[in-house]
Every structure is written in C-alpha cells, then in structure tokens.
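Under our numbering, read the sequence shown as residues 1143 to 1253, first letter to last.
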Amino acid sequence: MQGVSGGDEKLPIKMLNDRLLVRIPQNEGERRSSGGILIPATAQISKRLVWAEVVALGANVRSAEVGDRVLFSPDDRYEVEVGGDDYIMLRERDLHAVAASRIEASTGLYL
1143 MQGVSGGDEK LPIKMLNDRL LVRIPQNEGE RRSSGGILIP ATAQISKRLV
1193 WAEVVALGAN VRSAEVGDRV LFSPDDRYEV EVGGDDYIML RERDLHAVAA
1243 SRIEASTGLY L
C-alpha cells in the first residue's frame, strides 16, 4: 500500500482488523442493459450492489485477498483519499461475494 502524503513525508499504512481498502473501477459509471440501452451513472436503482478491487486488507480478513473483486452495498462504505486517489473502506462482514481465479466455481456464475 502506498504511503499517506503528509507534507513532504509519506507514511506507510497498515490496515487493521477486518478492514478492506477497495477501488471502484472508473468504468463503473455508465452501463448497458442486456437490450443495449445505455444507463447513465446518475440513474438511481434501489439497493444495487457494486463490484470493486481489493487494494489492501487487515490481518483478520479471511475471505478476500489483494487483487480480488468484491461485491458490497454502497450504503455500507466510507470513502478515503490516499495519495490523491479515492478509495473505499469496508468491513469484511459487509461483503456479499468475492470473485477471484483461485476460487473454485460453486455457483456457476462468472465475471
């Protein structure tokens, strides 16, 4: 994990307990329906879950690793800026699913 900018000095960051730091991909804004209709990022869909990439995690996180994609509710998040980039802080219990190549297919669903 890159350091926090504090003036001229950068400090390392250690994630604690069951916390995950994730980044939402920039292309998550607009999306297309299965019929090809463009849905803008500003469209409100109630209780829509979001996929994000894990960039750092605490020592007690057991179900995800750095580089995995995780599914969570946008209502359960805290935003933080590190080195000029925006990230989201989550608790492991707020995850709904983990997608990674190391996981054996159990649901028949793929990203």
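For each residue, glycine too, the CB sits at the ideal point set by N, CA and C.
Given the structure is predicted, the values throughout are model-derived calculations rather than measurements.
Assigned with DSSP and collapsed to three states, Arg1219 falls in coil, not helix or strand. When DSSP states are grouped into helix, strand and coil, Arg1174 belongs to the strand group.
About 4 angstroms separates the beta carbons of Asp1160 and Glu1234, which is inside the 8 angstroms limit, making them a contact pair.
By the beta-carbon neighbour count (other beta carbons within 10 angstroms, threshold 16), Asp1210 is buried. When the Cα atoms are used, Glu1221 and Asp1228 turn out to be separated by approximately 7 angstroms. Beyond the five residues adjoining it in sequence on each side, Trp1193 comes within less than 6 angstroms, by CB distance, of Arg1211 and Leu1213 in the same chain, given in chain order. Shown here, Arg1235 sits in a helix according to DSSP, grouped into three states.
The three-state secondary structure of Val1197, taken from DSSP, is strand. Cβ neighbours of Ser1205 within its own chain (closer than 6 angstroms, five residues either side excluded): Val1240. Beta-bridge pairing by DSSP links Leu1180 to Arg1174. Using a Cβ distance threshold of 8 angstroms, Val1164 and Ile1245 do not count as a contacting pair.
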